[in-house]
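Residue numbers (the working numbering): 19 to 209. Think of the CB as a built atom: it goes at the ideal place given N, C-alpha and C, for glycine as much as any other residue. Structure record follows, encoded as structure tokens.
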């Protein structure tokens with residue numbers, strides 16, 4: 019079993035077939051983490067419905083996996099239907115894995131995905147007491163604004179380049195390779 023103090027695991031995009039893993043991750047969030055993620059206390063039924071109705075086309079969800087379980091996510095949810103240039107970013111990391119740099123890596127990957135999809139404005143929303151989100155937004159060089167009990171951070175991704183597309187493809191391929199290797203090690207009892 020991985021030590022959550024080390025933040026070890028695999029980062030990769032989720033696929034529509036992983037809806038249950040996404041739901042189970044959100045259900046494992048402690049009450050405070052769940053409240054901070056959704057902006058208010060939400061029951062399990064809300065979380066189940068949220069996961070069930072996540073639009074897997076158009077959305078990009080990056081995940082952090084440890085011990086074969088999804089432990090953190092970063093969601094890229096574009097605004098609009100045709101060719102959106104604005105999107106929302108939402109983050110969740112289970113309590114034992116918080117404070118390990120996982121959110122920072124998820125943000126980096128999410129900004130790269132936003133950049134390569136032509137997103138010019140990536141907005142994060144959080145409650146004023148959510149210091150972890152504020153720190154994450156600051157690390158991402160977000161412009162921060164306070165309004166009526168909610169805080170927003172807006173990141174302006176650079177324009178996509180051939181190199182940024184290649185970087186995303188390389189990360190996708192290397193994370194798949196790492197996932198396959200981890201599975202092989204478990205099957206062979208090497209790790």
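Minimum length 4: unbroken alpha helix (DSSP H) runs contained in the stretch 47-77: The qualifying runs are 49-56 and 62-70.
Spatial distance of residue 191 from residue 166 (CA atoms): One-based indexing of the chain shown puts residue 191 at position 173. One-based indexing of the chain shown puts residue 166 at position 148. Annotation: residue 191 to residue 166 spans about 43 Å, alpha carbon to alpha carbon.
Residue 130 versus 169, 98 and 105, residue with shortest Cα-Cα distance: Indexing the chain shown from 1 puts residue 130 at position 112. Nearest of 169, 98 and 105 to residue 130, Cα basis: 105.
Inter-residue Cα distance where the pair is residue 50 and residue 126: Along the chain shown, read from residue 1 onward, the residue named residue 50 stands at position 32. Along the chain shown, read from residue 1 onward, the residue named residue 126 stands at position 108. Cα atoms of residue 50 and residue 126: separation of roughly 24 Å, rounded to the nearest angstrom.
Sequence ranges, beta strand (DSSP E) only - wholly within the stretch 129-188, length at least 3: If only complete runs of 3 or more residues are kept, the stretch 129-188 shows the beta strand (DSSP E) at 139-144, 161-165 and 168-173, in order along the chain.
Span of the beta strand (DSSP E), counted from its first residue to its last, around residue 109: Counting from one through the chain shown, the residue named residue 109 turns up at place 91. Where residue 109 is concerned, the enclosing beta strand (DSSP E) stretches over 104-111.
Residue 96, buried or exposed, once every other Cβ within 10 Å from all chains shown has been counted against 16: As a first step, residue 96 must be located in the chain shown, where it is residue number 78. Flag for residue 96 reads buried.
Residue 175 classed as buried or exposed, judged by whether at least 16 other C-beta atoms fall within 10 angstroms: Here residue 175 is taken as the residue at index 157 of the chain shown, counted from 1. Label assigned to residue 175: buried.
Limits of the beta strand (DSSP E) - the one that residue 90 falls within: For the purposes of this step, residue 90 is taken as residue 72 along the chain shown, with counting starting at 1. For residue 90, the enclosing beta strand (DSSP E) begins and ends at 87-96.
Residue 79 in three-state terms, based on DSSP: As a working mapping, residue 79 is identified with position 61 in the chain shown. The three-state secondary structure of residue 79, taken from DSSP, is strand.
Cβ distance (whole Å) where residue 182 is taken to contact residue 133 below 8 Å: The residue you call residue 182 lines up with position 164 of the chain shown. The residue you call residue 133 lines up with position 115 of the chain shown. That pair is a contact at about 6 Å.
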